[in-house]
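Number of protein chains: 2
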Amino acid sequence: MDRVETRELAYFVAVAEELHFGRAAGRLGMAQPPLSRAIRQLERRLGVELLIRNSRGVRLTEAGEVLLHEGRKALDAVEAAVRRAQRAGEPERKLVVVMKPNGDAGLLGGILQAYQGDPEALPVEVEICRIGEQAGLLREGRADVALLHDPYDDLSGFDTEELLTQRSVAVLPRTHGLARRRSLHMADLAGETMPRWPGLPGDGPEVRDTAQMMQLIALGRMVAVMPEAVRRNLREELVAIPVLDGQITTVVLAWPERSRSRAVAAFVRAAVGLVQAEEGTTIAFPAAVGHENLVPASDFEVAPHPL
Amino acid sequence: MDRVETRELAYFVAVAEELHFGRAAGRLGMAQPPLSRAIRQLERRLGVELLIRNSRGVRLTEAGEVLLHEGRKALDAVEAAVRRAQRAGEPERKLVVVMKPNGDAGLLGGILQAYQGDPEALPVEVEICRIGEQAGLLREGRADVALLHDPYDDLSGFDTEELLTQRSVAVLPRTHGLARRRSLHMADLAGETMPRWPGLPGDGPEVRDTAQMMQLIALGRMVAVMPEAVRRNLREELVAIPVLDGQITTVVLAWPERSRSRAVAAFVRAAVGLVQAEEGTTIAFPAAVGHENLVPASDFEVAPHPL
DNA sequence: CGGCGGCGATACCCTTGCGGTATGGATCGG
DNA sequence: CCGATCCATACCGCAAGGGTATCGCCGCCG
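Here the protein sequences come in this chain order: F and W.
In terms of the numbering used here, the first sequence is numbered consecutively and its last residue is 307.
In terms of the numbering used here, the second sequence is numbered consecutively and its last residue is 614.
This is how it looks when you write it as structure tokens:
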């Protein structure tokens with residue numbers, strides 16, 4: 001059997017997402033009949049029924065579900081291949097590091113310093129993206145490495161190296177009834193309104209970024225349980241209380257699997273070397289914190305580290 | 308910028324592999340001029356030089372290297388998407404498990420038994436492939452799950468679950484000077500001829516499969532250090548001696564990342580459940596071994612398990 | 001030094017097949 | 001029963017992919 005073109009895959013994905021030939025054709029910037037024909041042709045060539053058309057709508061068969069899912073991955077891979085090749089051909093090469101705001105837990109400065117000492121190092125561009133975009137940017141080949149968070153980000157398709165584990169703190173308004181506690185358990189927060197992050201399920205109000213969330217917490221509209229690195233940018237009127245049984249978050253360095261880029265390899269070396277040198281320190285804080293709302297890390301010691 | 312078609316990617320990969328337009332065109336079943344043109348066109352569209360043509364051969368630019376590498380992955384992904392969709396559309400669905408001969412270390416029987424009890428289970432087809440083919444079959448979508456060996460197989464692009472760790476044994480002819488030792492270190496085998504497996508570097512004679520290797524060992528042409536599961540099919544004239552500092556091999560169950568197949572999920576459940584139930588037993592041997600060339604597992608206890 | 005051979009690029013032509021428009025046919029709602 | 005909606009079919013034109021012939025360049029060898 002001969003090749004399936006990306007065009008055909010993209011057509012199918014569009015139809016499978018819209019479940020409507022007309023709308024899909026519109027999205028693809030073409031007329032409906034050629035789209036119908038292309039999909040039929042694809043089905044004939046694969047020898048599989050992908051869609052069930054009952055003259056008043058479209059449904060996916062099981063094979064169609066699979067092709068939608070796998071086809072998206074394949075299209076991602078093609079796009080990433082092109083973009084990485086283009087980036088590799090640019091006259092001044094650079095390494096793009098992507099993370100969400102504060103997503104490095106204070107590690108990036110040290111990593112960059114170590115990296116620049118490597119003979120294979122390239123100039124670095126740090127891209128601060130919006131929450132939920134990190135993994136996608138890396139998948140599409142727009143970035144070379146990313147600082148991601150396990151278990152919140154989807155790490156599949158990447159090679160990774162764990163850099164740092166973080167425990168959780170509850171971010172509360174200073175006026176909250178629990179604000180003077182030295183530590184909490186998740187059960188203490190039962191019934192509180194929690195933020196809902198884009199892409200994740202939940203019933204709280206959706207928040208786009210940490211600043212927005214902080215604002216809402218300060219207004220008493222919600223509380224949040226976050227990796228302890230949030231303490232680096234707490235507002236005056238908020239406090240962070242350790243949550244002893246909260247989610248453990250791992251900051252991981254991720255890059256495209258089976259990458260052969262020497263610049264990426266050097267970056268990974270730098271990052272791993274750095275965290276190994278700092279082994280034992282769970283999280284780095286600026287030396288001069290000065291803020292009373294920063295809970296001393298020793299408070300975590302009341303509970304054994306669950307890892 | 309508009310889409311890159313798989314056709315164009317395949318053309319480029321062929322040329323990049325052959326480093327010769329004529330041969331690549333032959334391989335693709337087409338004439339050389341359209342191929343030249345297609346590649347030029349691809350370069351123009353990407354805005355990147357991929358090949359350096361000096362009228363007496365072709366070389367890859369750095370961008371070309373990247374596109375060769377990433378393009379192969381992308382083509383794999385497209386092919387896998389198609390094949391998985393086709394498999395999902397077959398009237399009698401089945402689950403294809405792939406492994407190399409003896410690659411399950413005796414686990415598969417139990418896994419299959421546990422799996423068949425699951426309500427989501429499908430009929431299973433066990434595919435025994437040649438050495439080095441396992442990961443590829445899974446990548447191409449010809450199999451649903453594979454039993455692979457870390458660190459020998461390339462696990463990137465798969466989700467995995469570790470099932471079993473195996474220590475190493477040296478397979479020696481009964482007449483070998485070391486054949487009566489109770490245990491060895493790698494240093495004891497310095498200077499011995501070792502097999503070279505397909506795809507891996509090395510300087511020994513290449514072997515295709517274990518049976519061939521066993522034959523060569525019996526003839527005194529080589530010795531081999533293998534995961535201890537080889538003891539399950541040793542010939543009469545061979546012995547297996549624990550190698551205390553040999554490579555630790557992990558049998559992992561692998562499946563396409565981000566898979567949504569319920570049948571695969573059920574298989575993973577069955578396998579993980581099984582190994583958890585047997586937790587503590589490092590490797591399962593048939594109850595009635597009876598072969599004196601099977602070294603008792605207790606011999607391994609002289610060295611602490613390095614994991 | 002000149003001819004030859006190998007290799008990629010160019011020129012030109014033909015055919016395929018993709019995409020567009022017009023229309024048909026089925027089904028559901030009122 | 002009519003109209004609206006939506007996918008399929010019919011048909012057409014043109015862009016683009018593929019083939020053949022040939023050129024230009026370069027290294028090799030007589």
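Cβ coordinates follow ideal geometry from the N, Cα and C atoms, glycine included.
Same chain, Cβ closer than 7 Å to Val48(F), neighbours up to 5 away in sequence not counted: Residues Ala63 of the same chain have their beta carbon placed closer than 7 Å to that of Val48(F), with the five preceding and five following residues left out of the count.
What does Pro505(W) pair with, by DSSP beta-bridge criteria? In DSSP, Pro505(W) forms no bridge with anything.
The beta strand (DSSP E) with Ile241(F) in it runs from where to where? Counting along the chain, Ile241(F) sits inside the beta strand (DSSP E) bounded by residues 238-243.
For the segment 75-97 of chain F, which residues have a beta carbon sitting closer than 7 Å to at least one beta carbon of chain W? Result list: Ala77, Val78, Ala80, Ala81, Val82, Arg84, Ala85, Gln86, Ala88, Gly89.
Closer than 8 Å by C-beta to Arg565(W): which residues in its own chain qualify, once you throw out the five before and the five after it? Chain order, please. Once the five neighbours on either side are set aside, the close Cβ partners of Arg565(W) are Asp466.
At a Cβ cut of 8 Å, what residues of the segment 57-71 of chain F count as close to chain W, listed as they run along the chain? So the close ones are Thr61, Glu62, Ala63, Gly64, Glu65, Val66, Leu67, His69, Glu70, Gly71.
Relative to the C-alpha of Thr472(W), which residue among Asp457(W), Leu479(W), Arg539(W) is closest? Nearest in C-alpha terms to Thr472(W), of all of Asp457(W), Leu479(W), Arg539(W), is Asp457(W).
As assigned by DSSP and simplified to three states, the class of Arg330(W): Helix, per DSSP.
With a threshold of 7 Å on Cβ separation, who are the neighbours of Gly329(W) within its own chain once the five nearest residues in sequence on each side are excluded? If we look at Gly329(W) and ignore the five residues flanking it on each side, its Cβ neighbours are Gln339.
Residues of chain W with CB closer than 7 Å to the CB of Glu257(F), please, in chain order. Those within 7 Å of Glu257(F) in chain W are Ser463, Gly464.
Contact set for Ala80(F): own chain, Cβ-Cβ below 8 Å, skip 5 residues either direction: Around Ala80(F): Arg139, Glu140, Gly141, Pro256.
Determine which residues share a DSSP beta bridge with Ile52(F) and list them. Note: Ile52(F) sits in a beta bridge opposite Arg59(F).
Identify every residue that forms a DSSP beta bridge with Ser475(W). Checking the DSSP bridge columns, you'll see Ser475(W) partnered with Pro534(W), Val550(W).
Which residue comes first and which comes last in the alpha helix (DSSP H) that contains Pro340(W)? Segment 339-353, the alpha helix (DSSP H) holding Pro340(W).
Stretch-stretch touch, CB-based, cutoff 8 Å, three pairs: the segment 411-428 of chain W with the segment 477-497 of chain W: Judged by Cβ distances under 8 Å, the segment 411-428 of chain W makes no contact with the segment 477-497 of chain W, as fewer than three pairs qualify.
Tell me the DSSP secondary structure of Met406(W) in three-state form. Note: Met406(W) maps to strand in three-state DSSP.
Verify the CB distance criterion: does Val700(W) have a CB-CB separation below 9 Å to chain F? This structure cannot settle anything about residue 700(W), because the visible part of chain W is limited to 308 through 614.
Give the straight-line distance between the Cα atoms of Ala38(F) and Glu315(W), rounded to the nearest whole angstrom. The straight-line gap from Cα to Cα measures roughly 19 Å.
Tell me whether the beta-carbon of Leu429(W) lies closer than 9 Å to the beta-carbon of Leu560(W). It is not a contact, given that the beta carbons lie outside the stated cut-off.
With DSSP collapsed to three states, give me the class of Val124(F). In the three-state scheme derived from DSSP, where H, G and I count as helix and E and B as strand, Val124(F) is classed as strand.
Amino acids of chain W, ordered along the chain, whose beta-carbon sits closer than 9 Å to that of Lys100(F): Correct list: empty, because the minimum Cβ distance to chain W is about 21 Å.
Beta-bridge pairing of Pro480(W) - partner residues as DSSP gives them: Leu545(W).
Listing by chain order, which chain W residues have their CB less than 9 Å from the CB of Arg260(F)? The contacting residues are Glu372, Val373, His376.
So, with DSSP's three-state summary, where would you put Ala190(F)? Looking at Ala190(F) - three-state DSSP - the assignment turns out to be coil, as it is neither helix nor strand.
CB contact below 9 Å: Arg7(F) versus chain W: For Arg7(F), the answer is yes, since a Cβ of chain W falls inside 9 Å of its Cβ.
Taking the beta strand (DSSP E) that Ala254(F) belongs to, which residues open and close that run? In the DSSP assignment, Ala254(F) falls within the unbroken beta strand (DSSP E) covering 249-256.
Should the segment 220-233 of chain F be called in touch with the segment 94-102 of chain F, which here means at least 3 C-beta pairs below 8 Å? As far as the Cβ criterion goes, the segment 220-233 of chain F touches the segment 94-102 of chain F, which means the pair count is three or higher.
What residue does the beta strand (DSSP E) around Val582(W) start on, and which one ends it? It is not in any beta strand (DSSP E) - Val582(W) instead sits in the alpha helix (DSSP H) that spans 569-584.
For Glu79(F), which of helix, strand or coil comes out of DSSP? Glu79(F) falls in the helix class under three-state DSSP.
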